[in-house]
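Asks: For the sequence shown, the working numbering begins at 1045 and goes up steadily by one.
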Amino acid sequence: MLKHIKLLALSSALAVTGLAAQADEVTIAYQTGIDPSKVAQADGLYEKATASKINWRKFESGAEVIAAVASGDVPIGNIGSSPLAAGASRGLPIQTFLVTAVIGDSEALVVRNGAKISKPQDLIGKKVAVPFVSTTHYSLLAALKHWKVDPKQVQIINLRPSEISAAWARGDIDAAYVWEPALGKARASGKVLVSSQQVAKWGAPTYDLWIARKDFAEKNPQFLTQFAKVTGEAYARYNADPKAYAANPDNVAKIARLTGSDPADVPLLLAGNVYPSLKQQTELLQKPFSKAVSDTAAFLKSQGKVDALQPDYAPYVTNRFVKSALDAQLAAK
1045 MLKHIKLLAL SSALAVTGLA AQADEVTIAY QTGIDPSKVA QADGLYEKAT
1095 ASKINWRKFE SGAEVIAAVA SGDVPIGNIG SSPLAAGASR GLPIQTFLVT
1145 AVIGDSEALV VRNGAKISKP QDLIGKKVAV PFVSTTHYSL LAALKHWKVD
1195 PKQVQIINLR PSEISAAWAR GDIDAAYVWE PALGKARASG KVLVSSQQVA
1245 KWGAPTYDLW IARKDFAEKN PQFLTQFAKV TGEAYARYNA DPKAYAANPD
1295 NVAKIARLTG SDPADVPLLL AGNVYPSLKQ QTELLQKPFS KAVSDTAAFL
1345 KSQGKVDALQ PDYAPYVTNR FVKSALDAQL AAK
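#1: Would you call the segment 1229-1246 and the segment 1175-1186 touching, i.e. three or more CB-CB distances under 8 Å?
#2: In this structure, does DSSP put residue 1319 in helix, strand or coil?
#3: When the Cα of residue 1248 is compared with those of 1085, 1074, 1147, 1364, which residue comes out closest?
#4: Thinking residue 1258 and residue 1139 are a contact (beta carbons under 8 Å), I'd like their distance in whole angstroms, please.
#5: So within the segment 1259-1299, which uninterrupted alpha helix (DSSP H) runs reach at least 4 residues, ignoring any that extend past its ends?
#6: Which residues in the same chain have their Cβ closer than 8 Å to the Cβ of residue 1091, if we skip the five residues on either side of it in sequence?
#7: Using a Cβ-Cβ cut-off of 6 Å (strictly less than) and excluding sequence neighbours within five positions of residue 1274, which residues of its own chain qualify?
#8: Which value, in whole angstroms, describes the spacing of the CA atoms of residue 1266 and residue 1363?
#9: Run through the DSSP bridge pairs and tell me what residue 1247 is partnered with.
#10: Does DSSP classify residue 1091 as helix, strand or coil?
#11: Within a Cβ cutoff of 8 Å, which residues of the same chain sit near residue 1226, ignoring the five residues on either side of it in sequence?
#12: Tell me whether residue 1330 counts as near the ligand MG, meaning its Cβ is closer than 7 Å to at least one heavy atom of that ligand.
#13: Go ahead and label residue 1156 buried or exposed: buried means 16 or more other beta carbons lie within 10 angstroms of its beta carbon, across all protein chains shown.
#14: Classify residue 1215 as buried or exposed, calling it buried when 16 or more other Cβ atoms lie within 10 Å of its own Cβ.
#15: Cutting at 6 Å between CB atoms, please list the residues of its own chain near residue 1114, excluding the five before and the five after it.
#16: What do you get for residue 1291, buried or exposed, if any count of 16 or more other CB atoms within 10 angstroms of its CB means buried?
#17: For residue 1236, which residues does DSSP report across the bridge?
#18: Hey, out of 1072, 1087, 1073, whose CA is closest to residue 1299's CA?
#19: Count the other CB atoms, across all protein chains shown, that sit within 10 Å of the CB of residue 1065; report buried if there are 16 or more and exposed otherwise.
#20: Please identify the residue among 1127, 1228, 1369 whose C-alpha is closest to the C-alpha of residue 1310.
#21: Closest by CA to residue 1189, which one among 1373, 1376, 1343, 1368?
#22: Closer than 6 Å by C-beta to residue 1197: which residues in its own chain qualify, once you throw out the five before and the five after it? Chain order, please.
#23: Would you please state the rounded distance, in angstroms, between the beta carbons of residue 1078 and residue 1253? I believe it to be under 8 Å.
#24: For residue 1052, which three-state DSSP category applies?
#25: Assign residue 1221 to one of three DSSP states: helix, strand, or coil.
#26: DSSP state of residue 1199, grouped into three classes?
#27: Specify whether the segment 1365-1373 and the segment 1325-1333 touch according to this definition: at least 3 beta carbon pairs, one from each stretch, less than 8 Å apart.
#28: Check whether the Cβ atoms of residue 1123 and residue 1106 lie closer than 8 Å to each other.
#29: Looking at the structure shown, is residue 1364 part of a helix, part of a strand, or coil, going by DSSP?
#30: Assuming residue 1073 and residue 1112 make a contact with CB atoms under 8 Å, what is their CB distance in whole Å?
#31: Taking residue 1124 as part of the alpha helix (DSSP H), name the residues at either end of that continuous run.
#32: Should residue 1127 go down as buried or exposed, given a rule of 16 or more other Cβ atoms within 10 Å for buried?
#33: Using 8 Å as the threshold, is the C-beta distance between residue 1359 and residue 1143 below it?
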């Protein structure tokens, strides 16, 4: 019996060692969205928890991340629900394993001072920049539909966030639907016409999330579990006292450094999203999220942004790793 127990213990140890070895070095694509996990990233907590070397690569848009993940160059990426819906509709071998944020005021449509845009109908004939197939692109189209403004009557231009900032500085565009740091730069000489928080109330919610290639997830479940656990702990620290967290200059400095945002904007932008706990995510990453992805994909198809739809988007979403992370979190208490 003792020999059997020892063999089981050795087997378990070898399994854990094998999982760690398979993820010795991982490239992860992240974006400049503001959330508490950026502090954990800055502090090296993901590397510590996974016992892996992580090569963090910054990308400007979800479309770029999807391309990198699709090519196999990057196994894990941070994207929005609109790029996810587009990628899943193409049948890419990806799964959402963690929600970064329920997007609110951290993404917004800003109109330039002097552009003579005071109401939605004033957008007709104007140049509006947005990264195509992003959450802000989806929100822009959803807002125009709500306002009964034909998108064909608006000059919608595909620009990356850095290109939006440059075009805004030159005076080449009248409005932009974007996130930080381009949002803060535009807001300095413009006003918010609508944010994604309001668009969500109109029936078009958006999310930031983490995806993993299915082949990576199958080989490295412990890595993704630990990744989810670190994120959940970062969110728990924020949600315990959001005001105190945002008032901490160290937290603000780390988030600003990784995102390129103005430190003065970080507290407000942190408050602009909802960061679900691991327990909330175990429920969210089931039918509610799958339905949101399906609805987003259907809307994108109606706008001609995707060619076909999947019969079911559930295979592109899993709560397996947040459940494991929650179990580990509870066991540690």
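Where a beta carbon is used, it is the ideal one built from N, C-alpha and C, also for glycine.
Replies: Checking against the coordinates, here is how it stands:
#1: At 8 Å Cβ cutoff, the stretches touch.
#2: Start at 1 with the first residue of the sequence shown, and residue 1319 comes out as number 275. Note: residue 1319 maps to coil in three-state DSSP.
#3: Looking up residue 1248 in the sequence shown gives position 204. Considering only 1085, 1074, 1147, 1364, the residue with the shortest C-alpha distance to residue 1248 is 1147.
#4: As a first step, residue 1258 must be located in the sequence shown, where it is residue number 214. As a first step, residue 1139 must be located in the sequence shown, where it is residue number 95. Their Cβ separation, rounded to whole angstroms, is 6 Å, which keeps residue 1258 and residue 1139 in contact under 8 Å.
#5: If we require 4 residues or more, the alpha helix (DSSP H) runs fully inside the segment 1259-1299 come out as 1265-1284, 1286-1291.
#6: The residue labelled residue 1091 in the question sits at position 47 within the sequence shown. In chain order, 1097, 1098 place their CB closer than 8 Å to the CB of residue 1091, counting only its own chain and leaving out the 5 sequence neighbours on each side.
#7: Position 230 of the sequence shown holds residue 1274. Scanning its chain for C-beta atoms nearer than 6 Å, with the 5 sequence neighbours on each side dropped, one finds around residue 1274 the residues 1084, 1089, 1090, 1093, in chain order.
#8: Start at 1 with the first residue of the sequence shown, and residue 1266 comes out as number 222. Start at 1 with the first residue of the sequence shown, and residue 1363 comes out as number 319. Approximately 14 Å, taken between the alpha carbons.
#9: On the sequence shown, residue 1247 is found 203 positions in, with the first residue counted as 1. None, per the DSSP bridge assignment.
#10: Walking along the sequence shown from the start, residue 1091 turns up at place 47. The answer is helix: DSSP assigns residue 1091 an H, G or I state.
#11: For the purposes of this step, residue 1226 is taken as the residue at position 182 of the sequence shown. Around residue 1226: 1205, 1206, 1208, 1209, 1212, 1220.
#12: This structure simply doesn't include the ligand MG, nor any ligand for that matter.
#13: Numbered from its first residue, the sequence shown carries residue 1156 at position 112. With 16 or more other Cβ atoms within 10 Å, it is buried.
#14: Along the sequence shown, read from residue 1 onward, the residue named residue 1215 stands at position 171. So residue 1215 ends up on the exposed side.
#15: As a working note, residue 1114 is residue 70 in the sequence shown. Within the same chain, residue 1114 has close Cβ partners 1136.
#16: Here residue 1291 refers to the residue found at position 247 when the sequence shown is read from its first residue. Residue 1291 comes out exposed.
#17: The sequence position of residue 1236 within the sequence shown is 192, counting from 1. For residue 1236, the beta-bridge partners assigned by DSSP are 1154.
#18: In the sequence shown, counting from the first residue as 1, residue 1299 sits at position 255. Comparing Cα-Cα distances from residue 1299 to each of 1072, 1087, 1073, the minimum goes to 1087.
#19: The sequence position of residue 1065 within the sequence shown is 21, counting from 1. Note that residue 1065 scores a pLDDT of 40, beneath 50, so its modelled location is shaky; the value from the coordinates is reported in the next line. When all chains shown are included, residue 1065 counts as exposed.
#20: Residue numbering aside, residue 1310 sits at position 266 when the sequence shown is read from its first letter. Per the Cα distances, 1228.
#21: Locating residue 1189 in the sequence shown gives position 145, counting from the first residue. Taking only the C-alpha atoms, the option nearest residue 1189 is 1343.
#22: On the sequence shown, residue 1197 is found 153 positions in, with the first residue counted as 1. Taking C-beta separations shorter than 6 Å and ignoring five residues to either side along the sequence, the partners of residue 1197 in its chain run 1168, following chain order.
#23: As a working mapping, residue 1078 is identified with position 34 in the sequence shown. As a working mapping, residue 1253 is identified with position 209 in the sequence shown. In this structure, residue 1078 and residue 1253 do not form a Cβ contact; the two beta carbons are roughly 15 Å apart against a cut-off of 8 Å.
#24: Position 8 of the sequence shown, counted from the start, is the residue given in the question as residue 1052. Note that residue 1052 scores 35 on pLDDT, short of 50, meaning its location in the model is unreliable and no value can be drawn from it.
#25: Locating residue 1221 in the sequence shown gives position 177, counting from the first residue. Here residue 1221 sits in strand by DSSP.
#26: For this step, residue 1199 is matched to residue 155 along the sequence shown. Residue 1199 carries a strand assignment under DSSP once its states are collapsed to helix, strand and coil.
#27: Enough Cβ pairs lie closer than 8 Å, so yes.
#28: The residue given as residue 1123 occupies position 79 in the sequence shown. The residue given as residue 1106 occupies position 62 in the sequence shown. In this structure, the beta-carbon distance from residue 1123 to residue 1106 falls below 8 Å.
#29: Taking the sequence shown and counting its residues from 1, the one referred to as residue 1364 is at position 320. Note: residue 1364 maps to helix in three-state DSSP.
#30: Residue 1073 sits at position 29 when you count from the first residue of the sequence shown. Residue 1112 sits at position 68 when you count from the first residue of the sequence shown. Confirmed, about 6 Å.
#31: Along the sequence shown, one-based indexing puts residue 1124 at 80. Where residue 1124 is concerned, there is no enclosing alpha helix (DSSP H), although the beta strand (DSSP E) it sits in stretches over 1120-1124.
#32: By 1-based counting over the sequence shown, the position of residue 1127 is 83. By the beta-carbon neighbour count (other beta carbons within 10 angstroms, threshold 16), residue 1127 is buried.
#33: As a first step, residue 1359 is located in the sequence shown; it is residue number 315 there, counting from the start. As a first step, residue 1143 is located in the sequence shown; it is residue number 99 there, counting from the start. No, the Cβ-Cβ distance between residue 1359 and residue 1143 is not below 8 Å.
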